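Participant: Residue numbers (numbering that gives the first Met the number 0): 0 to 271. The following block contains the structure, expressed as structure tokens.
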Amino acid sequence: MHKSFIAYDPADRKLAVRLWDELRWNGLNIGIDLQDVPLHIDRAALLEDIVFRCDLVMVVVGETYSDEVRRLHALAIEQEATVIIIRLPGADVPPELASTRTVFFGDYAAALSHLLRLIPTHMLDTAVDTDRVLQNLRHQSRDVRRTTLFLVGKSRIHAGMRPAMSLMLSDPEPDVRAAAAWALQQLGNVDTAPALIAALQDVSYDVRSNAGWALVDIGRRRDSPASNAITTEVIAVLRDGESYDTREMAYQVLLRLGGRDASEAIKKYWDE
Numbered sequence: 000m001h002k003s004f005i006a007y008d009p010a011d012r013k014l015a016v017r018l019w020d021e022l023r024w025n026g027l028n029i030g031i032d033l034q035d036v037p038l039h040i041d042r043a044a045l046l047e048d049i050v051f052r053c054d055l056v057m058v059v060v061g062e063t064y065s066d067e068v069r070r071l072h073a074l075a076i077e078q079e080a081t082v083i084i085i086r087l088p089g090a091d092v093p094p095e096l097a098s099t100r101t102v103f104f105g106d107y108a109a110a111l112s113h114l115l116r117l118i119p120t121h122m123l124d125t126a127v128d129t130d131r132v133l134q135n136l137r138h139q140s141r142d143v144r145r146t147t148l149f150l151v152g153k154s155r156i157h158a159g160m161r162p163a164m165s166l167m168l169s170d171p172e173p174d175v176r177a178a179a180a181w182a183l184q185q186l187g188n189v190d191t192a193p194a195l196i197a198a199l200q201d202v203s204y205d206v207r208s209n210a211g212w213a214l215v216d217i218g219r220r221r222d223s224p225a226s227n228a229i230t231t232e233v234i235a236v237l238r239d240g241e242s243y244d245t246r247e248m249a250y251q252v253l254l255r256l257g258g259r260d261a262s263e264a265i266k267k268y269w270d271e
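This is how it looks when you write it as structure tokens:
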């Protein structure tokens with residue numbers, strides 16, 4: 000069970016998910032309803048039970064400030080949890096629910112820095128729960144899968160490499176596939192090269208671009224024979240790619256990899 004939780008309205012979901020992601024990177028064991036409330040269950044009762052068990056509750060107060068968020072806010076105060084209010088522009092906090100721990104989120108970077116200073120130090124744990132990460136890579140929510148992939152990349156969680164390759168090639172959401180390619184770039188393992196080359200065929204530019212940059216990083220290494228083989232494989236994509244977009248991305252990769260073979264392949268491509 001999480002020791003902290005973010006309560007928010009659907010209108011403020013984008014900010015709440017971004018904060019959840021940032022705070023986990025900073026070592027806070029924090030929950031959010033995207034992962035903690037299963038479908039077809041009494042949402043109100045479960046959320047109240049989660050908040051009742053938390054030591055820290057962050058309440059995102061936006062212009063809507065629904066009855067659900069207000070109820071969770073009041074419950075957190077009643078059970079003497081540490082409450083931090085995330086106040087958005089245009090929002091009003093009722094006097095009876097006000098807190099000295101209030102962060103105004105106008106400038107995101109400054110507000111995040113302030114927020115991190117308000118979190119009790121003992122609640123921050125830099126250890127990553129690898130099992131939870133792997134579970135979240137299979138989560139039904141695209142937001143959870145995407146933000147977990149950012150965690151995999153930023154924290155260099157190598158256990159997430161194979162799930163990330165699978166998501167990059169098969170996830171139905173292009174932003175998740177793009178995040179997977181980015182994570183693989185951060186991991187920098189040459190074993191991911193075949194999957195990254197396959198991703199150059201993706202219909203999404205973001206996926207192709209992230210996969211391309213990953214291939215450039217890996218292909219520039221000189222400590223592995225597999226890295227040297229990347230140029231050859233990308234040349235094959237430049238020659239036989241299924242679409243112009245795929246061949247164009249292969250061209251961009253070869254341009255950055257450099258070398259005689261890449262230069263000759265590019266020249267031949269333009270001469271044809």
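We put the beta carbon where it would ideally sit given N, CA and C, even for glycine. As the structure is a computational prediction, the values presented were derived from the model and not from experiment.
According to the Cβ coordinates, are L136 and R144 closer than 8 angstroms?
Facilitator: Counted from its first residue, the sequence shown places residue 136 at position 137. Counted from its first residue, the sequence shown places residue 144 at position 145. Yes, they are a contact pair.
Participant: Report back the beta-carbon spacing between R86 and V102 to the nearest angstrom; my notes put them in contact at under 8 angstroms.
Facilitator: Translated into the one-based positions of the sequence shown, residue 86 becomes position 87. Translated into the one-based positions of the sequence shown, residue 102 becomes position 103. That belief holds up - the Cβ atoms of R86 and V102 are roughly 7 angstroms apart, short of 8 angstroms.
Participant: Identify the continuous alpha helix (DSSP H) that holds M248 and give its terminal residues.
Facilitator: Residue mapping note: residue 248 aligns to position 249 of the sequence shown, counting from 1. Segment Y243 to L256, the alpha helix (DSSP H) holding M248.
Participant: Express the C-alpha separation of E79 and L166 in angstroms, rounding to a whole number.
Facilitator: Position 167 of the sequence shown, counted from the start, is the residue given in the question as residue 166. Position 80 of the sequence shown, counted from the start, is the residue given in the question as residue 79. C-alpha separation (whole angstroms): 41 angstroms.
Participant: Can you look up L27 in the DSSP assignment and give me helix, strand or coil?
Facilitator: As a position in the sequence shown, residue 27 is number 28, starting the count at 1. L27: strand per DSSP, three-state reduction.
Participant: So what does DSSP say about A6, is it helix, strand or coil?
Facilitator: Within the sequence shown, numbered from 1, the residue matching residue 6 stands at position 7. Here A6 sits in strand by DSSP.
Participant: From the DSSP secondary-structure annotation, give me the bridge partner or partners of T101.
Facilitator: The count along the sequence shown starts at 1 and reaches residue 101 at position 102. According to DSSP, which records beta bridges pairwise, T101 is partnered with I84.
Participant: How many angstroms separate the CA atom of G240 from the CA atom of R246?
Facilitator: Along the sequence shown, read from residue 1 onward, the residue named residue 240 stands at position 241. Along the sequence shown, read from residue 1 onward, the residue named residue 246 stands at position 247. If I take the Cα positions, the gap works out to 5 angstroms.
Participant: So for V92, helix, strand or coil by DSSP?
Facilitator: By one-based count along the sequence shown, residue 92 stands at place 93. Looking at V92 - three-state DSSP - the assignment turns out to be coil, as it is neither helix nor strand.
Participant: Rank D260, P94, D106 and L55 by C-alpha distance to the C-alpha of A235 and give the top, closest one.
Facilitator: Position 236 of the sequence shown, counted from the start, is the residue given in the question as residue 235. Nearest option by C-alpha distance: D260.
Participant: L115 bridges to which residues according to DSSP?
Facilitator: Walking along the sequence shown from the start, residue 115 turns up at place 116. Paired residue(s): none; L115 is not in a bridge.
Participant: Might you give, ordered along the chain, the residues of its own chain that have their beta carbon closer than 7 angstroms to the beta carbon of P173, omitting 5 neighbours on each side?
Facilitator: Translated into the one-based positions of the sequence shown, residue 173 becomes position 174. Result list for P173: S203, D205 and V206, in chain order.
Participant: To the nearest angstrom, report how far apart I265 and L183 are at their CA atoms.
Facilitator: Within the sequence shown, numbered from 1, the residue matching residue 265 stands at position 266. Within the sequence shown, numbered from 1, the residue matching residue 183 stands at position 184. Looking at the two C-alpha atoms, the distance is approximately 26 angstroms.
Participant: For D20, count neighbouring Cβ atoms within 10 angstroms of its own Cβ and tell me buried if that reaches 16, exposed if not.
Facilitator: Counting from 1 along the sequence shown, the entry for residue 20 is found at position 21. When all chains shown are included, D20 counts as buried.
Participant: Could you tell me how far apart the beta carbons of E195 and A213 are, in whole angstroms, since I believe they sit closer than 8 angstroms?
Facilitator: As a first step, residue 195 must be located in the sequence shown, where it is residue number 196. As a first step, residue 213 must be located in the sequence shown, where it is residue number 214. Checking the sequence, you will find Leu at residue 195 rather than Glu. Indeed, because the Cβ distance is near 5 angstroms, the residues count as touching under 8 angstroms.
Participant: Any idea what DSSP makes of V143, helix, strand or coil?
Facilitator: In the sequence shown, residue 143 corresponds to position 144, counting from 1. DSSP places V143 in helix when its eight states are reduced to three.
Participant: Which term fits Y7, buried or exposed, when burial requires 16 or more other beta carbons within 10 angstroms of its beta carbon?
Facilitator: The sequence position of residue 7 within the sequence shown is 8, counting from 1. That one is buried.
Participant: Around the C-beta of W181, are 16 or more other C-beta atoms found within 10 angstroms, so that it is buried, or is it exposed?
Facilitator: The residue you call residue 181 lines up with position 182 of the sequence shown. W181 comes out buried.
Participant: What would DSSP say about L55, mapped onto helix, strand or coil?
Facilitator: Within the sequence shown, the letter at position 56 stands for residue 55. Note: L55 maps to strand in three-state DSSP.
Participant: Determine the extent of the alpha helix (DSSP H) in which D270 is found, giving its start and end residues.
Facilitator: Residue numbering aside, residue 270 sits at position 271 when the sequence shown is read from its first letter. Counting along the chain, the alpha helix (DSSP H) containing D270 begins and ends at R259 to D270.
Participant: Tell me which residues share the same chain as G105 and place their Cβ nearer than 7 angstroms to its Cβ, disregarding the 5 neighbours each side in the sequence.
Facilitator: As a working mapping, residue 105 is identified with position 106 in the sequence shown. These residues qualify, in order along the chain: P88.
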